[in-house]
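Only one structure is covered here, and it is reproduced in the block below.
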Amino acid sequence: MKYVYFLLLVVFYTPLVWGQSTEKQPTVTVKGEVTHPLNLGLADLANMRRVEVRSADRDGKEHLFSGVPLSDILRQAGVTLGAELRGENMAKYLLVKSGDGYKVLFSLPELDSTFTNRVIILADKMDGNPLPANKGPFRVIVPGEKKPARWIWEVTTMIVQFAKE
Numbered sequence: 031m032k033y034v035y036f037l038l039l040v041v042f043y044t045p046l047v048w049g050q051s052t053e054k055q056p057t058v059t060v061k062g063e064v065t066h067p068l069n070l071g072l073a074d075l076a077n078m079r080r081v082e083v084r085s086a087d088r089d090g091k092e093h094l095f096s097g098v099p100l101s102d103i104l105r106q107a108g109v110t111l112g113a114e115l116r117g118e119n120m121a122k123y124l125l126v127k128s129g130d131g132y133k134v135l136f137s138l139p140e141l142d143s144t145f146t147n148r149v150i151i152l153a154d155k156m157d158g159n160p161l162p163a164n165k166g167p168f169r170v171i172v173p174g175e176k177k178p179a180r181w182i183w184e185v186t187t188m189i190v191q192f193a194k195e
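If you use my numbering, the sequence shown corresponds to residues 31 to 195, in order.
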């Protein structure tokens, strides 16, 4: 019995002593038709170009969301954007998945500044604070849409794919 207590002490006390967490840090995986698959955490997003978007949430209240443009994340993953986004690449799309199984879809031109002035972001902050636990830690914000159905929260995976016939 003393051995069991000792093991429990080691397992739970060691991370506290060394300042390490036993919790897995949240990440977003970017994969599919990419040249550089990514696994991005909060620290990675903090080191990327940040933008702010002011928009009304589902509750009707206006909030200031902060995050990284999806186009920047896709460029880092080696997705074809900009002048090269033409021909067969116009049939590519981004599928975004959440931890609860919800999925939304974006065509690549919707995310590319060569085609639109709208900036869709992967947010990690709202009103200067981390996203609430039930909406984060990562959330896609789509400014200008009448219905926020594609404002997916708890984002875990982004997959670039070709549309199939």
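We treat Cβ as the ideally placed atom computed from N, Cα and C, and that holds for glycine.
All of these numbers come straight from a predicted model, not from anything done at the bench.
Spatial neighbours of residue i within its chain, please: CB distance less than 6 Å, with the 5 preceding and 5 following residues excluded, ordered by chain position.
{"i": "residue 169", "result": "153, 161, 183"}
{"i": "residue 135", "result": "123, 125"}
{"i": "residue 41", "result": "Low per-residue confidence applies at residue 41: pLDDT is 49, beneath 50, and the placement is therefore not dependable enough to give any value."}
{"i": "residue 85", "result": "173"}
{"i": "residue 56", "result": "167"}
Compute the beta-carbon to beta-carbon distance between residue i and residue j, rounded to the nearest angstrom, for a pair I have assumed lies under 8 Å.
{"i": "residue 139", "j": "residue 83", "result": "Not really, about 19 Å apart at Cβ, beyond 8 Å."}
{"i": "residue 151", "j": "residue 81", "result": "6 Å"}
Does DSSP put residue i in a helix, a strand or coil?
{"i": "residue 156", "result": "strand"}
{"i": "residue 148", "result": "coil"}
{"i": "residue 175", "result": "coil"}
Going along the chain, which residues of its own chain have a beta-carbon closer than 7 Å to the beta-carbon of residue i, five neighbours each way excluded?
{"i": "residue 127", "result": "133, 186, 187"}
{"i": "residue 78", "result": "98, 102"}
What does DSSP give as the partner residues of residue i in its beta bridges?
{"i": "residue 134", "result": "126"}
{"i": "residue 183", "result": "169"}
Only counting runs of 4 or more residues, tell me where the alpha helix (DSSP H) segments fall wholly within the region 40-126, in order along the chain.
72-76, 100-106
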